[in-house]
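There are 2 protein chains.
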Amino acid sequence: MRKIATATAPANIAFVKYMGRKDDVLRLPDNGSISMNLSGIFSTTTVEFLPSLSQDDILIDGEGRVNEIARVVAHLDRVRELASFSDRAKVVSANNFSIGTGLSSSSSGFAALTVAACAAAGLKSSQKQLSILARQGSGSACRSIPDGFVEWLDGSSNDTSYASSIFPPDYWDIVDVVAMVSTERKEIGSSQAHERVRSGPYYVSRIARMPAKIRQCKEILAAKDFTAFGQFLEEEALDLHALFMSAGIVYLTPESLRLIRLVPIIRKRGIEAYFTLNTGQDVHMFCRSRDAVELKPVLESLGWVRKVVVNTPAKGASLIAEHLF
Amino acid sequence: MRKIATATAPANIAFVKYMGRKDDVLRLPDNGSISMNLSGIFSTTTVEFLPSLSQDDILIDGEGRVNEIARVVAHLDRVRELASFSDRAKVVSANNFSIGTGLSSSSSGFAALTVAACAAAGLKSSQKQLSILARQGSGSACRSIPDGFVEWLDGSSNDTSYASSIFPPDYWDIVDVVAMVSTERKEIGSSQAHERVRSGPYYVSRIARMPAKIRQCKEILAAKDFTAFGQFLEEEALDLHALFMSAGIVYLTPESLRLIRLVPIIRKRGIEAYFTLNTGQDVHMFCRSRDAVELKPVLESLGWVRKVVVNTPAKGASLIAEHLF
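Protein sequence lines, in the order shown, are assigned to chains A and B. Residues 2 to 326 (this note's numbering) make up the first sequence, in order. Residues 2 to 326 (this note's numbering) make up the second sequence, in order.
Spelled out as structure tokens, the structure:
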């Protein structure tokens with residue numbers, strides 16, 4: 002039974018990062034990762050398969066974005082193959098933030114697309130199946146499917162690499178305060194970075210340490226040790242950007258560094274905050290939720306910070322509307 | 002025969018960096034390095050051994066700098082041991098730049114101190130002996146002893162780790178335009194960095210690649226291939242700072258990143274310039290000497306750049322005055 006379906010999905014921020022993959026087509030990562038879904042950064046996507054269309058009609062944030070369209074079409078093809086039909090789709094997707102700046106737009110975008118497209122195609126998919134499918138669109142999108150705090154298993158095949166929830170959203174009262182510093186698109190996309198780091202000199206050493214990092218992160222989460230968590234976050238963020246720099250890629254901007262260097266000063270002023278970074282320039286600061294009221298205006302008072310978003314741990318992708326037709 | 006002696010020595014900038022050492026007391030590095038002496042950043046030091054003094058009297062830039070004094074006294078002790086006497090010294094040293102900011106003040110400082118103290122002690126030292134001695138005061142100081150373009154051999158003992166000239170100052174018509182962005186002292190001194198990177202996860206991989214880097218750098222210098230040289234410089238600079246970040250150290254400041262990100266823009270405007278970095282925040286830009294006239298005012302026009310110094314390849318440390326008494 003085909004429908005028009007609308008889904009929403011959060012972006013996620015990794016505590017243990019995903020960078021480098023053993024299979025570029027299936028997007029199988031070289032290491033597992035752990036993340037948290039973000040309540041304030043999300044994509045909302047509507048999909049409708051229509052026999053009358055001669056090609057997929059894709060609108061992202063009101064525009065036909067040429068760069069993204071081929072990837073979206075390829076993803077719709079995966080759904081069509083599962084559903085055994087060939088109708089083209091009308092896709093309307095909206096992000097509540099700027100895409101391509103390192104805010105993990107492809108994670109929320111492909112998670113929402115996956116859920117909406119599967120529902121529109123009349124597929125009854127399990128969460129695991131949705132995560133596996135989302136991963137093929139954009140690796141980290143598989144982490145935006147389950148709720149709250151999430152682990153993505155590296156896996157060695159399509160069926161064994163998916164994400165599942167390790168703790169629900171209300172498990173821990175922490176927030177991710179994202180300071181957005183620019184809407185400029187990053188020069189080197191994540192996919193290119195995944196390739197370049199693999200041939201960089203730091204890669205082998207990093208990959209060897211990842212299983213221990215995953216274990217350590219899960220122990221810290223289980224113990225809800227915020228200080229250990231914060232130190233772990235910062236170390237892993239710098240480790241990721243060391244990996245980029247060793248491959249000649251600099252994602253950090255002057256503004257990222259201004260924020261990073263502000264964090265210890267904020268801590269000295271009594272707000273226990275720690276930073277982490279994505280494959281991009283924006284700085285994520287974690288604090289306990291009670292401290293966010295104080296941290297947010299501090300960041301907003303900086304003239305060069307464009308926007309501050311406070312994120313609580315969020316549930317994963319979900320269908321918000323479906324209509325039979 | 003004892004004298005009062007004054008020496009001057011240049012700071013140097015490494016093309017292949019020195020970071021991490023196998024012996025902290027002798028300051029034996031884990032890898033060899035290659036550098037160029039800088040004509041515009043130097044220390045001038047006068048030493049006089051006086052039987053009347055009860056302790057060494059040390060003045061650096063007009064101040065008795067408590068932090069540096071123990072290291073200077075230890076270095077004078079090395080000279081006294083070689084000269085077999087125990088007179089205390091009066092030392093007056095002046096830098097034409099701010100120390101402790103990553104401009105390699107200890108390289109020029111200890112090279113000048115070594116040459117002046119040895120002359121004042123009446124020692125007849127070869128260049129190799131001076132380089133070995135300078136190394137024990139500050140590793141990179143050994144590279145400020147010989148002329149021009151210099152290679153420091155890692156060596157496995159005190160006598161085998163020293164620097165020598167591979168090309169004279171007039172070998173290649175290139176300049177290092179240093180944009181100084183702050184006079185703030187760096188939070189983590191080089192000595193501490195040498196220790197921390199060694200236990201960091203990137204160290205083993207980096208060290209394994211260093212002999213090949215040394216070979217590659219020498220080939221590029223021999224060929225005078227400026228474009229290859231520039232690309233090599235940038236790659237090695239990012240590799241060094243990846244090493245720092247992997248050990249949790251961020252030397253780069255927002256201003257460093259502004260400059261780094263300016264370099265490709267400058268190149269697009271027709272000035273072929275490349276950056277390198279030291280263990281600190283200042284950005285060194287290499288270009289052909291004919292392009293410096295154009296590059297310097299570009300950097301000077303940036304309100305947040307404190308000072309711009311154009312350096313040609315310089316000769317090493319030298320005695321500029323000595324008087325018998």
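The C-beta atom is built at its ideal place from N, Cα and C for all residues, glycine as well.
Please say whether residue j and residue i have beta carbons closer to each other than 8 Å?
i, j, result
"A:L296", "A:C288", "yes"
"B:A1", "B:A121", "The displayed coordinates of chain B run from 2 to 326. Any statement about residue 1 of chain B would go beyond what the structure contains."
"A:A12", "A:V116", "no"
"B:A3", "B:G123", "Before going further, note that residue 3 of chain B is Arg rather than Ala in the sequence given. Taking 8 Å as the Cβ cut-off, B:R3 and B:G123 qualify as a contacting pair."
"B:L60", "B:V17", "no"
"B:V311", "B:V182", "no"
"B:P255", "A:L258", "yes"
"A:S290", "A:I167", "no"
"B:A15", "B:S34", "yes"
"B:I250", "B:A180", "no"
"B:G190", "B:S247", "no"
"A:A274", "A:I266", "no"
"B:I221", "B:A229", "yes"
"B:V284", "B:L260", "yes"
"A:S162", "A:R136", "yes"
"A:A318", "A:I146", "yes"
"B:V73", "B:L114", "yes"
"B:S106", "B:A142", "no"
"A:Y204", "B:Y203", "no"
Hey, is residue i's beta-carbon within less than 8 Å of any beta-carbon in chain B?
i, result
"A:H242", "yes"
"A:T353", "Chain A is shown only over 2 to 326; residue 353 of chain A falls outside these bounds and no answer can be derived."
"A:K205", "Note on identity: in this sequence residue 205 of chain A is Val, with Lys being the wrong assignment. Interface residue, yes."
"A:T254", "yes"
"A:V17", "no"
"A:V251", "yes"
"A:E295", "no"
"A:E236", "yes"
Identify, in the order they occur along the chain, each residue of the same chain with its Cβ nearer than 6 Å to the Cβ of residue i, setting aside the five sequence neighbours on each side.
i, result
"A:R207", "L244"
"B:L173", "Residue identity check: residue 173 of chain B is Trp in the sequence provided, not Leu. So the list reads K225, once near-sequence residues are dropped."
"B:A90", "V48, F50, D57, L77"
"A:A322", "T7"
"B:G138", "H76, F111"
"B:P52", "D88"
"B:R144", "N13, S36, V151, W153, A164"
Quick one: residues in its chain with C-beta nearer than 7 Å to the C-beta of residue i, no 5 flanking neighbours on either side, listed in chain order?
i, result
"B:D31", "G21, R22, K23, D155, I208"
"B:F43", "T9, A10, P11, A12, N97, S109"
"B:A238", "F276, T277, L278"
"A:A315", "P11, N38, L39, S40, P170"
"A:S85", "none"
"A:C218", "F16, V17, I35, F233"
"A:R197", "A248, I250"
Any beta carbon from chain A within less than 8 Å of residue i's own beta carbon?
i, result
"B:P170", "no"
"B:S247", "yes"
"B:I208", "no"
"B:P202", "yes"
"B:I267", "no"
"B:L239", "yes"
Leaving out the 5 sequence neighbours to the left and right, which residues in its chain are closer than 8 Å to residue i when beta-carbon positions are compared?
i, result
"B:L320", "A6, T7, A8, V116, A117, A120"
"A:L241", "K18, M20, L278, T280"
"A:D62", "S94, A95, N96, I100"
"B:G231", "E273, A274, Y275, F287"
"B:K129", "Y163, S165"
"B:F1", "This structure cannot speak to residue 1 of chain B, because chain B is shown only from 2 to 326."
Verify the contact flag: residue i, CB atom, against every heavy atom of the ligand ATP, threshold strictly below 7 Å.
i, result
"B:T161", "Among the components of this structure there are no ligands whatsoever, and the ligand ATP is therefore not found."
* Asked: Unbroken alpha helix (DSSP H) runs of length 4 or more, entirely within the segment 243-302 of chain A: which are they?
  -> 255-269, 290-301
* Counting only runs of 3+ residues fully inside the segment 58-123 of chain B, write out the beta strand (DSSP E) ranges in chain order. => Counting only runs of 3 or more residues that sit fully inside the segment 58-123 of chain B, the beta strand (DSSP E) segments are 58-61, 89-96, in chain order.
* To do: Quick one: which unbroken beta strand (DSSP E) runs of 3-plus residues sit fully inside the segment 133-169 of chain B? Chain order, please.
  => 150-153, 164-168
* **Near-chain B residues of the segment 181-200 of chain A (beta-carbon distance less than 8 Å), N- to C-terminal order** => none
* Select from the segment 259-293 of chain A all residues with a C-beta closer than 8 Å to any C-beta belonging to chain B, and list them in chain order. => R259, I261, R262
* Counting only runs that start and end within the segment 186-222 of chain B, where is the alpha helix (DSSP H) found for 4 or more residues in a row? -> Counting only runs of 4 or more, we get 191-199.
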